[in-house]
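Below: one structure, written as structure tokens.
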Amino acid sequence: MITLPEKIVFALILLGATAWFARRIGALVRLVRMGRPDPDDRFGNPVARIADVFLDVFAQRRVLRKPFVGAFHLLIVWGFFIFAINTVNHFAGAFLPGFDMLGPTRLALWYAAVADVFAVLIILGVLGLAFRRHVLRPPGLTRPSAESVLVFTFIGGAMAAYLFDNAAHIALGSSAHAEYHVVASLLAAGFARWDRLLLEVVAHIGWWGDSLAHLTLVGLLFIPTKHLHLLAGPVNLLFRRTRPRGQLLKMDLEAEDAESFGVAKVEDYTWKQNLDLLACIECGRCQDYCPTANTNKPLSPKRLIVDLKDHLLKEGPALLKAKAGTPPAERPATPEMIGGVVELDALWACTTCAACVEHCPMGIEHIDKIVDLRRHQVLMEAQFPEQADGAFRNMETAGNPWGFAPSARAGWAQGLDVPLMAEKQQADVLFWVGCSGSYDDRCKRISVAIVEILKAAGVDFAILGPEERCTCESARRLGNEYLYQTATQEIVETLGKYNFKRILTACPHCFNTIANEYPAFGATYEVVHHAPFISELIAGGKLPLNGNGKGISSVAVHDSCYLARHNGIIDAPREALAAAGRTVVSVPREGRKGFCCGAGGGRMWLEETLGERINRVRAKELTDTGAKTVATMCPFCMTMLVDGAKANGEGAPEFKDIAEIIAAALPGAPA
Amino acid sequence: MKVAVLVKRVPDTASELRVADDGKSVVTAGLKFVMSPYDEHAVELAIQLKESHGADVVVLSAGPPDVREIIRSALAMGADSGILVDTGQAGELTCRGAARLLAAALKELGADIILAGKQAVDDDAAQVPERVAELLGIPHASVITRFELGGSAATIDREVEGGQYTLELPLPALFTTQKGINTPRYPTLPNIMKAKKKEIREIPAAQLGVAADDLLGQVVTESMTLPRQQRLCRVIEGDSPERVRELVRVLHAEEKVL
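In the order they appear, the protein sequences are chains A and E.
If you use the numbering used here, the first sequence corresponds to residues 1 to 671, in order.
If you use the numbering used here, the second sequence corresponds to residues 1 to 258, in order.
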């Protein structure tokens, strides 16, 4: 037990620390709340939200997606919770000798044993993670990281101190239930010959070490360091987004009071976006499947978030001081983030493939932050990569990104007897062809294959033909919300003229935007992409497949980000291919861990000049599977991968859309 | 300082043109219209003068009421106001007619600098701005690739075959812009919104005292055809003397170029 002078010193330290913690918490809460109101639903369905947080905190659902590191983290987390009682006992015990939350019960004794074991497990967890960071050195982790060394040292130190404190007491004979302290008693056996004075010193050092390590760890939360994730993380997960991942928030472009659109300065982000930044643990999982971070481009989602966090912490205090009721002119001038905090090249590099969002254990919303910055650049500054200018203008005037004649939109269907909606007025399925399927020579063949399938299955369908226009989904992701909304209004009006049950799209980007983004414009349709649609036709016995392989022995599937990650459509295309008698071989990065082709987020229209080319990297990975055919589901992927394979040279597989592969397996299809 | 920009509404270059049943006109139903691309350079130059010299930028166009949309897109780029010389549905203006109407409107306006694209991409006539300058009795320089304002004169570069002129013109004067002089800006959202509220003054063509004869008159379209499409490449095969003979025969007898 500690002496009276020690108690007085400890009480003073405790008071000082508590006061400082309270101030820091207040400051961090104000920093978060300084953000704008968040237009998203952050509070709806609280039961589901809390249940989700429990899964992520106690079951470590997201963290365990990486089982090795997840397991070590799990030891520390559970150790933390299990140790909580001990921690309370320890601090209260300083002033109330013998205090035990569990009282003089058998439970308390068993608890002592469990706590001892967990003290060791926590040390193991910490050593495992330190080993990973400093010896295995996975590329996503920051090294050297003073923060992580501090956290490792003090967690491990607190546990070691706890064990030594107990061991010394056992050796001194002042522990009531030595036999339950299973680990400490082993240590105590080693102390058997130690001098009593030395043991007293060890006990005191152990006690103080335990106490101060705990206080330091709490302090590390609030400096803040990335250790703060253990508070900000669960809170951030609690307020997680519930709208579909593929849905960008609709901007109110008519807002009378809006001085500025999009995000230019740190104070333009919402409170949730601020909270995102504080929750980042810098684990680097966002980079694991990121197409830009993996091809030596200036954009790393981790760096983006960390840089934004540092910027928020730097600019926040001055902003907070001025916040309440200060007229805009007198507020401190914070710098524009583009060009400084976020490099221009990084801003425009993102393909919005959602690999970061998918794998972030903290539920950080990277895409929205990037698109908000792009929105400001486009809508307010008219600053964007030169190649986007042509695409924007063509989408606006010609209704397609290349500037082909709108009247030629149904040219691909000539001679195929494809009915127009304008003629039929109603059909079960409205086949939304998309710009690539309408104008791109390679992708027109996909449209033809889809028509063959629709006819073979006897589906009642029609296309819009010249009445169809670009959804401008890619313009939206480049930040051109105005163009997107103009196009959407036009399309919704056109669609409103006709009767149909479902919209079938040939393009995952069209699919995603019509299915997930149109409801915000008051237009809700049943939308299906052709991959699951084909799968459904096969499952329903509507497609007579001859299943004879037709020389295509093996197929590697290249997942479209906007199907797999944004909309969870992963199995359907594989089932369809299997039903058609193809052997699906696995690709190193697939499904939710797929690797983008490089065309998403409007990148389709931009030059790729920095780092390695994403499409070449991906084409090589697909070629290396040894599959004879690569199945794609997106016209952008098709264009990118065919180009990538061409640039890589000989030995490339053939690239076929899933519709083409299935159409080739229809009876009567040319072998 | 006042800068006037003459803009023309033309079918979007991506549009597939169709000749009407009368064989003399283009079917305009379903056509997308845009500002003639060379005019965008003129608007951009005017807005740069606004930014650098505080010029007041007025955009003028003559034609049916729909032309308003094109004026609106110039306003969205940053021009201050517009004037629509409304010709109703009187049919296609001749260059002479358009020039007379615009000159009449400009006379009233009194601009220091008048800008226009070097030609409109529909009829490629490259006549209206120069005619306007003549009618107003002011100097003009066409196809300019650089514009520098200095006091009461402007120094410009103009492109000519294989070289370039550098000229100084006293103001007021008229200039037509060539590609390369600048990059027309993409309108920002606040400017698009502001453009909706900016004034577009309408002047009925009849009020400008231009005789009806001057508007339509002299030029009569006899017929209009689309360029021959799908000319197939032809590879002439055989040994060299035979191929040369065949080539000469095709060029002479079939294509009638020899």
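Where a beta carbon is used, it is the ideal one built from N, C-alpha and C, also for glycine.
For M638/A, no beta strand (DSSP E) segment is defined; the enclosing uninterrupted segment is the alpha helix (DSSP H) at P635 to N648. Contact annotation: K455/A and W412/A have beta-carbon atoms that are not nearer than 8 Å. Look at G390/A: its C-beta is not under 8 Å from any C-beta on chain E. Assignment of S81/E by DSSP, reduced to helix, strand and coil, places it in the strand class. When the alpha-carbon of D21/E is set against those of A46/E, D86/E and M224/E, the nearest one is in M224/E. Per DSSP, reduced to three states, the secondary structure at K2/E is strand. CA-to-CA, the gap between A51/A and I82/A works out to about 20 Å.
In terms of Cβ geometry, F191/A and A161/A do not form a close pair [threshold 8 Å].
If you draw a 10 Å sphere on the C-beta of F54/A, you find fewer than 16 other C-beta atoms in it, and that means exposed.
Within the segment 462-484 of chain A, Y482 place their CB atoms closer than 7 Å to a CB of chain E, listed in sequence order. The CB of T28/E never comes closer than 9 Å to any CB in chain A; the least such distance is about 13 Å.
Proximity to T28/E across S36/E, P37/E, R18/E and M35/E peaks at R18/E, based on C-alpha coordinates. Given a length threshold of 4 residues, each whole run of the alpha helix (DSSP H) inside the segment 555-591 of chain A is given here in chain order: 561-567 and 571-579.
By the C-beta criterion, the segment 162-171 of chain E is judged not to be in contact with the segment 55-72 of chain E, since fewer than 3 inter-stretch pairs fall below 8 Å.
Per DSSP, reduced to three states, the secondary structure at V244/E is helical. Residue contact check for K196/E against chain A: no CB pair falls below 8 Å.
For L189/E, a Cβ of chain A is located within less than 8 Å of the residue's own Cβ. For R9/E, the enclosing beta strand (DSSP E) has its first and last residue at R9 to P11. Secondary structure at F222/A: helix, using DSSP grouped into helix, strand and coil. When C-alpha distances from L278/A are compared across T292/A, F655/A, V266/A and L312/A, the shortest belongs to L312/A. DSSP links S61/E through a beta bridge to L84/E. At a cut-off of 8 Å between beta carbons, L606/A makes no contact with chain E. Per DSSP, the unbroken alpha helix (DSSP H) holding M421/A starts and ends at M421 to K424. With contacts defined by Cβ atoms closer than 8 Å, D38/A and K272/A form a contacting pair. Sequence-ordered contacts of the segment 400-417 of chain A with chain E read N400, W402, G403, F404, A405, P406, S407 and A408 [C-beta pairs closer than 9 Å]. Under the three-state reduction of DSSP output, H134/A falls in the helix class. DSSP places Q164/E in the strand class (E or B) of the three-state scheme. For secondary structure counted as the alpha helix (DSSP H) over 4 or more consecutive residues, the segment 74-138 of chain A holds these complete runs in sequence order: 106-131. When the five nearest sequence neighbours on each side are left out, the beta carbons in the same chain lying within less than 7 Å of the beta carbon of G403/A are those of N394, in order along the chain. In summary, N499/A is exposed, with fewer than 16 beta-carbon neighbours lying within 10 Å of its beta-carbon over all protein chains present. Across the structure, D307/A and I367/A are spaced so that their CA atoms are roughly 15 Å apart.
Neighbours of R234/E in chain A, taken as residues whose beta carbon is under 8 Å from its own, are absent, since the nearest beta carbon is some 22 Å off.
With its beta carbon at least 8 Å from every one in chain E, T494/A lies outside the interface. Taking 3 residues as the minimum length, the segment 384-423 of chain A contains no beta strand (DSSP E) run wholly inside it. The beta carbon of D122/E sits closer than 8 Å to the beta carbons of K8, V10, P11 and S36 from its chain, once the five residues preceding and following it are set aside; these are given in chain order.
In terms of beta-carbon proximity, F261/A lines the interface with chain E, with at least one pair separated by less than 8 Å.
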